[in-house]
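A.B. asks: Shown below is the structure under consideration.
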Amino acid sequence: MFGKATDPVCGMKISKKDAAATSEYGGKTVYFCNRACKEEFDKDPERYIQRAKG
Ligand SMILES: [Zn+2]
C-alpha cells in the first residue's frame, strides 16, 4: 500500500511511490521529494526526524 508522506526537510506532501529518494532512520523510512532534501536530512537527521510523518 502506498500512502502520503511528508518530506521533513521542505515540508512537501508527496506520494510514497513518487518519492525521489528515501532514507532509513530510527527504524522508519523517510521520504523525500528530491535527492537534495535527502542530502540535507542525512547531514542532520535529528533536526528533521520529528517532522517526518507516515
Ligand atoms: Zn523536499
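31 is the number of the first residue of the sequence shown in the working numbering; add one for each residue after it.
Beta carbons are placed, not taken as given, at the ideal position from N, Cα and C, and that holds for glycine.
(1) Based on the DSSP secondary-structure assignment, which residues constitute the bridge partners of Glu-69?
(2) So, at 8 Å on beta carbons, what are the nonlocal neighbours of Ser-53 in its own chain, with the 5 sequence-adjacent residues on each side left out?
(3) In the DSSP assignment, what residue or residues form a beta bridge with Lys-47?
(4) Output yes or no for whether 7 Å exceeds the beta carbon distance between Lys-47 and Lys-34.
(5) Out of curiosity, what's the CA-to-CA distance linking Tyr-78 and Val-39?
C.D. replies: Working from what's here:
(1) DSSP lists no partner for Glu-69.
(2) Thr-59, Val-60, Phe-62, Lys-68, Phe-71, Asp-72 and Pro-75
(3) DSSP output for Lys-47 lists no bridge partner at all.
(4) no
(5) 6 Å
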